[in-house]
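Encoded as structure tokens, the structure appears first; notes follow it.
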Amino acid sequence: MDIPSRFSNHTRTIVILLLTLTSGLVLTSGLLTSASAAKTNGTSIFTTYELGGNPFVVGNSVGTVCPNTVGTCTNTEGEPAIRADPSGNFYGSSENVFCVVDRQCGGTFAWRSTDNGNHFTTLPLPDSVSTGSNGFSPAGGDTDIAVAPVRNNNGFYNIYVASLATAPPLANVYVSTSHDGGASWVLNPTGATIPVDDREWIAADGA
């Protein structure tokens, strides 16, 4: 048996394998770099800006487009959620921070973008069809949002915004539905009636 010869053959095989793997990694790296450069034209830009929201006047910011140069974009929201419909429009929801700090007194905001997220328009408050004594809906904590993957009979994708009940606290989950792109909402105050609800999530299928 020629042990040195066989060992040498194994060594050459391992070296060739390593060279092949290294070449593959270099090639893959080059492809990824080229794909990234082609996709972003060499530059990636993220813009941070505030959305319209007013914790003191119900519906005061409805129709506000942000960002803008007139100073009507105010950050009064927290724990946001964002989804896209199959047409590329974005929808967001959030709770009213000034209303839920230290206590859950309600208030849910929603927005829509039709220009690839460059601007967002404040929609009517999803829960405002049922307002509490403070002017806000008796729901609003821990919002989540879902968009249907199929158009309804009117050509819109249904939007669903879920939030926690505040009267009584955490007793059930409110679900507001829009059949017209967020222009109006229908409220189901008992989307879930299991007591002590917290951090709900929502998903949509069909129209």
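Per the working numbering, the sequence shown starts with residue 841, numbered consecutively. Where a beta carbon is used, it is the ideal one built from N, C-alpha and C, also for glycine. Since the structure is predicted, the reported quantities are computational estimates derived from the model, not experimental observations.
Item	Value
Anticipated Cβ contact below 8 Å, G928 with N958, distance rounded	With a Cβ gap of about 12 Å, G928 and N958 do not count as contacting.
Rounded straight-line distance, which links the Cα of I922 to that of P966	15 Å
Where I999 falls: helix, strand or coil (DSSP)	strand
Environment of A1043 [buried if 16+ CB atoms lie within 10 Å]	exposed
Inter-residue spacing [alpha-carbon to alpha-carbon] between D984 and Y931	11 Å
From E919, T948, G903, residue whose alpha carbon lies closest to that of Y1000	T948
N-terminal and C-terminal residue of the beta strand (DSSP E) that I922 is part of	917 to 924
Per DSSP, the bridge partner or partners of T962	W951
Per-residue DSSP class, three states only, for I1034	coil
Environment of T880 [buried if 16+ CB atoms lie within 10 Å]	Note that T880 scores 49 on pLDDT, short of 50, meaning its location in the model is unreliable; the coordinates nonetheless yield the value given after this. With fewer than 16 other Cβ atoms within 10 Å, it is exposed.
DSSP bridge partner residues for V987 (one or two, in chain order)	I999
Residues near S902 by beta carbon distance below 6 Å, same chain, minus five either side	Looking at the sequence provided, one finds Val at residue 902 rather than Ser. So the list reads T962, P964, once near-sequence residues are dropped.
Best match in E919, A924, S934, W951 for proximity to P907 [C-alpha to C-alpha]	W951
DSSP beta-bridge partners of E890	Partner(s): none; E890 has no beta bridge.
Contact check, G918 vs S933, beta carbons under 8 Å	no
Cβ neighbour criterion (16 or more within 10 Å) applied to Y889	exposed
Residue from L1004, H1019, W1025, G1022 whose Cα sits closest to the Cα of P1035	L1004
Through-space distance from T914 to R1039, alpha-carbon basis	25 Å
Coil, strand or helix - A1043 by DSSP	coil
Rounded separation between T954 and A924 - CA only	10 Å
DSSP three-state assignment for G1017, whether helix, strand or coil	It is Thr, not Gly, that sits at residue 1017 in the sequence shown. The answer is strand: DSSP assigns T1017 an E or B state.
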